[in-house]
Amino acid sequence: MTPKLMKLPLKGIIPPMITPLLENKELDSKGLKLLIEHLIEGGVHGIFLLGTNGEGPSLDYRLRRQLIKEACKIVNHRILVLVGITDTSFNATVEMANYAKEMGADALVVAPPYYFPVTQHETIDYLKALIPTLPLPFLLYNIPSCTKVNLSVETVKKGKEMGAIGIKDSSGDMSLLYALIDEFKDTPDFSIIAGAELFLSDTILNGGHGAVAGGANCFPKLFVDLYEASLSRDLNKIAFLRDQLLKIHKTIYNVGDSPTKSIQAIKCVLSLKGICQDYMALPLSPLNTTHRNEIKGYLEEFEYSKKQRTGLKL
Numbered sequence: 001m002t003p004k005l006m007k008l009p010l011k012g013i014i015p016p017m018i019t020p021l022l023e024n025k026e027l028d029s030k031g032l033k034l035l036i037e038h039l040i041e042g043g044v045h046g047i048f049l050l051g052t053n054g055e056g057p058s059l060d061y062r063l064r065r066q067l068i069k070e071a072c073k074i075v076n077h078r079i080l081v082l083v084g085i086t087d088t089s090f091n092a093t094v095e096m097a098n099y100a101k102e103m104g105a106d107a108l109v110v111a112p113p114y115y116f117p118v119t120q121h122e123t124i125d126y127l128k129a130l131i132p133t134l135p136l137p138f139l140l141y142n143i144p145s146c147t148k149v150n151l152s153v154e155t156v157k158k159g160k161e162m163g164a165i166g167i168k169d170s171s172g173d174m175s176l177l178y179a180l181i182d183e184f185k186d187t188p189d190f191s192i193i194a195g196a197e198l199f200l201s202d203t204i205l206n207g208g209h210g211a212v213a214g215g216a217n218c219f220p221k222l223f224v225d226l227y228e229a230s231l232s233r234d235l236n237k238i239a240f241l242r243d244q245l246l247k248i249h250k251t252i253y254n255v256g257d258s259p260t261k262s263i264q265a266i267k268c269v270l271s272l273k274g275i276c277q278d279y280m281a282l283p284l285s286p287l288n289t290t291h292r293n294e295i296k297g298y299l300e301e302f303e304y305s306k307k308q309r310t311g312l313k314l
């Protein structure tokens with residue numbers, strides 16, 4: 001299939017795709033294909049590889065490259081492929097960017113290096129050094145819970161001046177999200193993408209462009225439907241779909257006490273759906289049998305409720 005030129009602004013539902021693994025921690029190629037086809041069938045607009053839900057920092061470089069190569073081949077330009085290249089090492093970041101380009105990815109996702117706390121000024125200096133080396137369009141990624149720096153509006157403005165096509169904001173701060181939307185409202189080609197999936201409808205209704213929603217791994221059509229309802233400002237449909245999303249957060253995402261329980265839950269749901277297994281890269285681990293059975297019950301209840309209350313294929 002002939003590659004498509006990326007259209008700006010970047011928009012829609014772009015799941016931060018989980019990385020299917022086997023028990024020996026190798027890539028689950030069969031599960032990867034099933035997952036990608038599940039997402040495309042659900043109507044998503046792209047996939048984001050090697051993000052937080054993809055356990056990117058926990059995967060060795062060989063496996064990261066294998067994932068990029070196989071995913072790009074399976075997708076075959078049907079939807080956009082974005083690749084997270086954030087690393088503690090500058091050179092490793094550049095190498096992964098070049099490999100993503102070589103394998104046919106469409107764009108890169110760039111967060112400040114994690115581990116060392118850095119200032120806004122140091123972040124801007126880092127971007128000044130990195131951006132000239134990047135071979136693809138790139139999206140800034142604000143995830144202060146992991147990078148120890150919360151990108152300010154001014155830093156994002158500097159990033160845009162250096163070529164960024166948008167920002168994925170995973171700060172969880174709605175006031176910052178609104179400030180970003182307001183700041184770039186006269187720049188239609190610069191995308192404001194929500195990282196918190198509960199902010200999806202608010203983002204679209206207020207002039208943003210989409211969401212990198214972890215739950216779209218499991219329920220892609222739910223998120224695509226909510227995105228489209230928000231575009232058309234169908235408030236009744238938005239209210240119903242948000243209620244479904246809130247139900248997922250209160251039940252499926254709320255099993256166990258791990259700080260990463262939403263990632264564990266997403267992999268568990270995918271395994272229960274027969275798409276891929278729920279093995280995780282250390283230091284993360286799958287849910288235990290008790291918690292798995294709890295999620296199974298919630299999933300069955302959610303599927304039943306969905307079928308009874310709507311004709312939507314979520």
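Numbers 1 to 314, taken from this note's numbering, label the letters of the sequence shown in order.
Idealized CB from N, CA, C, for every residue including glycine.
Note that the structure is a prediction, hence the values are computed from the model and not measured.
Host beta strand (DSSP E) of residue i (start-end)
{"i": "Asp169", "result": "Gly166 to Asp169"}
{"i": "Val81", "result": "Leu80 to Gly84"}
{"i": "Ile238", "result": "That residue, Ile238, is in no beta strand (DSSP E); its alpha helix (DSSP H) goes Leu235 to Lys250."}
{"i": "Ser258", "result": "Segment: none, Ser258 is in no beta strand (DSSP E) and carries neither H nor E."}
{"i": "Leu49", "result": "Gly46 to Leu49"}
{"i": "Ile192", "result": "Ser191 to Ala194"}
{"i": "Leu108", "result": "Ala107 to Val110"}
Residue from the options with nearest C-alpha to residue i
{"i": "Val75", "options": "Leu59, Gly54 and Leu39", "result": "Leu39"}
{"i": "Glu102", "options": "Thr119, Ala71, Asp87 and Arg242", "result": "Ala71"}
{"i": "Asp87", "options": "Pro117, Lys185, Gly56 and Tyr227", "result": "Gly56"}
{"i": "Ile124", "options": "Gly31, Asn288, Gly163 and Met96", "result": "Gly163"}
{"i": "Ala105", "options": "Ala111, Arg78, Gln264 and Val118", "result": "Arg78"}
{"i": "Asp243", "options": "Leu270, Ile263, Thr289 and Phe302", "result": "Phe302"}
{"i": "Ile238", "options": "His249, Phe223 and Thr251", "result": "Phe223"}
{"i": "Glu122", "options": "Ser152, Met96 and Phe138", "result": "Ser152"}
{"i": "Leu21", "options": "Asn288, Met280 and Leu299", "result": "Met280"}
{"i": "Lys25", "options": "Glu95, Ser145, Gln66 and Leu270", "result": "Gln66"}
{"i": "Pro112", "options": "Glu95, Gly42 and Ile85", "result": "Ile85"}
{"i": "Thr147", "options": "Ser271, Pro117 and Pro132", "result": "Pro117"}
{"i": "Lys11", "options": "Gly43, Ser145 and Leu27", "result": "Gly43"}
{"i": "Leu80", "options": "Arg64, Leu235 and Met6", "result": "Met6"}
{"i": "Pro319", "options": "Pro132, Ile165 and Arg64", "result": "Because residue 319 is not part of the residues shown, which for the chain are 1 to 314, the question remains open."}
{"i": "Tyr114", "options": "Ser145, Glu95 and Phe138", "result": "Ser145"}
Whole-number beta carbon distance between residue j and residue i, since they are thought to touch under 8 Å
{"i": "Ala211", "j": "Ile193", "result": "6 Å"}
{"i": "Val109", "j": "Val149", "result": "With a Cβ gap of about 16 Å, Val109 and Val149 do not count as contacting."}
{"i": "Leu284", "j": "Ser58", "result": "7 Å"}
{"i": "Ile36", "j": "Ile47", "result": "7 Å"}
{"i": "Gly207", "j": "Asp169", "result": "Actually they are not in contact, since the Cβ atoms of Gly207 and Asp169 sit about 14 Å apart, beyond 8 Å."}
{"i": "Pro9", "j": "Ser262", "result": "Actually they do not touch by this definition, with Cβ atoms about 27 Å apart."}
{"i": "Ile167", "j": "Leu130", "result": "In fact, because the Cβ distance is near 16 Å, the residues do not count as touching under 8 Å."}
{"i": "Lys296", "j": "Leu272", "result": "6 Å"}
Start and end residues, alpha helix (DSSP H) containing residue i
{"i": "Leu59", "result": "It is not in any alpha helix (DSSP H) - Leu59 carries neither H nor E in the DSSP assignment."}
{"i": "Ala216", "result": "Element bounds for Ala216: n/a, residue is neither H nor E."}
{"i": "Ile204", "result": "Leu200 to Leu205"}
{"i": "Met103", "result": "Phe90 to Met103"}
{"i": "Ile14", "result": "Note, Ile14: premise wrong, no alpha helix (DSSP H); not H, not E."}
{"i": "Pro117", "result": "Here Pro117 belongs to no alpha helix (DSSP H), and DSSP marks it neither H nor E."}
{"i": "Ser230", "result": "Pro220 to Leu231"}
Sequence-distant residues of its chain with Cβ nearer than 6 Å to residue i (five each side left out)
{"i": "Asn217", "result": "Pro15, Ile18 and Ile266"}
{"i": "His291", "result": "Val255 and Gly256"}
{"i": "Leu136", "result": "Lys101, Ala107 and Leu108"}
{"i": "Pro286", "result": "Asp278 and Met280"}
{"i": "Gly51", "result": "Pro16 and Gly84"}
{"i": "Ile143", "result": "Ala111 and Ser170"}
Cβ shell of residue i (< 8 Å), same chain only, five flanking positions each side left out
{"i": "Lys313", "result": "Any reading at Lys313 must be qualified, since the residue scores a pLDDT of 47, below 50, and its modelled position is unreliable; the value itself is stated next. The answer, listed in chain order, is Lys221."}
{"i": "Ala92", "result": "Tyr61"}
{"i": "Ile204", "result": "Gly210, Tyr227, Ser230 and Leu231"}
{"i": "Phe199", "result": "Met174, Leu177 and Ala211"}
{"i": "Lys128", "result": "Met162"}
{"i": "Ile181", "result": "Ile192, Thr203, Asn206, Gly207 and Gly208"}
{"i": "Thr119", "result": "Val149"}
{"i": "Thr260", "result": "Leu284"}
{"i": "Lys158", "result": "Ile124 and Leu127"}
Cβ neighbours of residue i in the same chain (closer than 7 Å, five flanking residues each side left out)
{"i": "Leu134", "result": "Ala97 and Leu108"}
{"i": "Ile275", "result": "Gly31, Leu34, Leu35 and His38"}
{"i": "Ala213", "result": "Ile13, Pro15, Glu197, Leu200 and Phe223"}
{"i": "Thr155", "result": "Gln120, Thr123 and Ile124"}
{"i": "Leu241", "result": "Leu222, Asp225, Leu226 and Ala229"}
{"i": "Met160", "result": "Note that residue 160 corresponds to Lys in the displayed sequence, not to Met. Cβ neighbours of Lys160 beyond the five flanking positions: Phe190."}
{"i": "Lys185", "result": "Gly207"}
{"i": "Val269", "result": "Cys218, Ile252, Ile295 and Leu299"}
{"i": "Ser258", "result": "Gln264"}
{"i": "Ile68", "result": "Leu49, Val83, Tyr99, Ala100, Met103 and Ala105"}
{"i": "Asp28", "result": "Pro20, Leu21, Leu22, Cys276 and Gln277"}
Chain D within 8 Å of residue i, Cβ atoms only
{"i": "Gly166", "result": "The displayed structure is made up of one protein chain only, and chain D is not part of it."}
Hey, which unbroken runs of the alpha helix (DSSP H) at 4 residues or more fall wholly within the stretch 121-191?
-> At a cut-off of 4 residues, the continuous stretches assigned as alpha helix (DSSP H) that sit fully inside the stretch 121-191 are 144-147, 153-161 and 174-183.
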